[in-house]
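See below for the structure under consideration.
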Amino acid sequence: MYNPQLTSDGKLKHLLSIEGLPKKVLLQILDKAESFVSVSDRDVKKVPLLHGKTVCNIFFENSTRTRTTFEIAAKRLSADVINLNVNTSSQSKGEAIIDTVNNLIAMQADMFVVRHSQSGAAHLIAKHVPDNISVINAGDGRHSHPTQGLLDVFTIRKYKPDMHNLRVALVGDILHSRVARSEIHALTTLGVPEIRVIAPKTLLPNEVEKLGVHVYHDMKEGLKDVDVVMMLRLQNERMSGAMLPSTQEFFKTYGLTPEKLALAKPDAIVMHPGPMNRGVEIDSRVADSDQAVILPQVTYGIAVRMAVMSMLAGGEA
Ligand code: CP
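Okay, so the sequence shown: first residue is 10 according to this note's numbering, each after it adds one.
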């Protein structure tokens, strides 16, 4: 079957979503990322793999972690990096996305890293660009955030190497979360046997069970004996109307406090993709605890993004 992310011989061509990527390719990305972790620990944090290539970061939506770590990753691979500031670009004068992209193609860019509030935006650009250009989805609407999903499973594998013997809980606003979708696809593809989602009914997609997850509405039941707790932000910018009584009420029921975390395994790790809202989905005593691996997620994100970009540039699977 045709897969826009792969070449006819199965090599990575674009990275648009985790869904549809074979396990072999996911493992190749994670293994390659392992080899890049040490680059960031060197005095000279550079390898020449993307020397002479131009990477364009096109972010139509705000970002701290993703945009910055893509820029760092590209620079550590020796690429030239252009950050298009959409607020000061001709987008603000009404230029269509495809016309903006056409201009960047005319400037001979080699790779586009795209974030957009509309689901499908990166797919649209990938369909449009010539064969020599690769597109990476850096988050599109509520659909997909593949490099976040990859860095999350990379982090899990670092702390809990036996992926075939894990219980992972995702907590909070699953409905609007592209991270949750990407992570569920990554975890199921990698063979994690038990994935739980814990949320009020209003923050769960219809038929979420079809993704292969177990649904809980109660933190006490859902967190029992899990190895990994992934907290998610309330995505207020994607909510239409009131979906919750109040953030205080949400924190009382679903906020991760030390008391609730005590229900998980004693060595459970706590993750959050960011941006993190303390006192809404997570208590500071948990966010700053030894069980939290929230900042290592960011650090590993650089190695994972280096792996993806180097594979796209080299045409490797
Ligand atoms: N996790 C994540 O996508 O964070 P940013 O919005 O800061 O990029």
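Idealized CB from N, CA, C, for every residue including glycine.
Being a predicted model, the structure only gives us computed values, none of them experimental.
Any idea if Thr-53 is buried or exposed, counting beta-carbon neighbours within 10 angstroms, 16 or more meaning buried?
According to the sequence as given, residue 53 is Val; it is not Thr. Exposed: under 16 other Cβ atoms inside 10 Å.
Those runs of the beta strand (DSSP E) which lie wholly inside the region 96 to 175 and span at least 3 residues:
If only complete runs of 3 or more residues are kept, the region 96 to 175 shows the beta strand (DSSP E) at 120 to 125 and 143 to 149, in order along the chain.
Can you look up Phe-69 in the DSSP assignment and give me helix, strand or coil?
Residue state for Phe-69 is assigned as coil, using DSSP reduced to three classes.
Burial state of Ile-107 (16 or more Cβ within 10 Å):
exposed
Taking the DSSP output, what are the residues bridged to Glu-203?
Arg-176
Let me know the secondary structure DSSP gives Leu-93 once reduced to three states.
strand
Using the Cα positions of Thr-197 and Ala-118, report the straight-line distance between them to the nearest angstrom.
35 Å
Measure the alpha-carbon distance for Val-277 versus Phe-79 and round it to whole angstroms.
According to the sequence shown, residue 277 is Ala rather than Val. So the alpha carbons of these two residues sit roughly 29 Å apart.
Please report the distance separating the alpha-carbon of His-60 from that of Ile-303.
31 Å
Supposed close pair Met-280, Val-235 - CB separation, criterion 8 Å:
Not quite, the Cβ-Cβ distance comes to about 11 Å (not below 8 Å), so this is no contact.
Beta-carbon proximity check, Leu-25 vs His-132, cutoff 8 Å:
yes
Please report whether the beta-carbon of Pro-155 lies at a distance below 8 Å from any beta-carbon of chain B.
Absence of chain B from the displayed structure is noted, only one protein chain being present.
Within 10 angstroms of its Cβ, does Thr-156 collect 16 or more other Cβ (buried), or is it exposed?
buried
Apply the 10 Å Cβ neighbour rule to Val-269 and answer buried if 16 or more other Cβ atoms are within range, or exposed otherwise.
As written in the sequence, residue 269 is Lys, which differs from the Val given in the question. Burial call: buried.
When the distance is taken between beta carbons, is Gly-181 closer than 8 Å to Leu-160?
no
Taking 7 Å as the cut-off, is the CB of Gly-150 close to at least one heavy atom of the ligand CP?
no
Ile-134 versus Asn-96: straight-line alpha-carbon distance, rounded
Their Cα atoms are separated by approximately 19 Å.
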